[in-house]
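Residue numbers (this note's numbering): -2 to 218. Even for Gly, the Cβ is constructed at its ideal location relative to N, Cα and C. Keep in mind the model is a prediction, meaning the values are calculated, not measured.
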């Protein structure tokens, strides 16, 4: 997935540096700045650390439209979805839902508003989707760089490989082999109860195909 991070009117150079560092953590290098309200100097470099090269190569634009002109999908972000017009809620998703709504072959722009007021209603209207991070407590809005990190994690981090469950036949065979194993063990008194307990554990544990194969090999004669 080709991702560009767009910071609209960022106010504090520390946050720009920290956002760039978060980008580097997740392999994203295309930073775009729209009318920044701060100079990018020593503090930016200090907080960017090894991501300073991202800052140096960042593209500057006067408007959000210009910054996202070459992007296929523009995703705005907000910490307070209720600020915006009801019609915009239709395209408002949580960050955990975002990945499933995007085409991995497209250029995606992730747009973040400034620390004081976020994105304006007009700016969110330029977005195809609006994503938000559900938070708890009195402080509902995240720090800019923290929000960048959370969204990039959900979008770009390596996901757990698909879970491949053992088949019904494998589970039944495993239960049968264990029952035979127990039947040959003179130390087990209530063999039926133990066999049933094992069968229930196998069902409840959501045994994977690899795990089932290993257990089948262990119990096979």
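For the alpha helix (DSSP H) that contains residue 9, what are its first and last residues?
Counting along the chain, residue 9 falls outside any alpha helix (DSSP H), and DSSP gives it neither H nor E.
Determine, using beta carbons only, whether residue 104 and residue 29 come nearer to each other than 7 Å.
no
Given that a residue counts as buried once 16 or more other Cβ atoms are within 10 Å of its Cβ, and exposed if not, what is residue 12?
buried
Where does the unbroken beta strand (DSSP E) through residue 58 begin, and where does it stop?
56 to 58
Sorted by chain position, which residues of the same chain lie with C-beta nearer than 7 Å to residue 142's C-beta, five sequence neighbours on each side aside?
12, 15, 16 and 19
What three-state label does DSSP hand residue 132 in the structure shown?
coil
Measure how close the beta-carbons of residue 9 and residue 112 come, nearest whole angstrom, since I'm counting them as under 8 Å.
6 Å
Does DSSP put residue 181 in a helix, in a strand, or in coil?
coil
Neighbourhood of residue 154 by C-beta distance below 7 Å, restricted to the same chain and skipping five residues each side
23
Taking the beta carbon of residue 83 as the centre, do at least 16 other beta carbons fall within 10 Å, making it buried, or is it exposed?
The predicted model places residue 83 with a pLDDT of 49, which falls under 50 and marks its position as unreliable; any figure quoted below should be read in that light. The residue is exposed, with fewer than 16 neighbouring Cβ atoms inside 10 Å.
Can you tell me where the beta strand (DSSP E) with residue 70 in it begins and where it stops?
70 to 75
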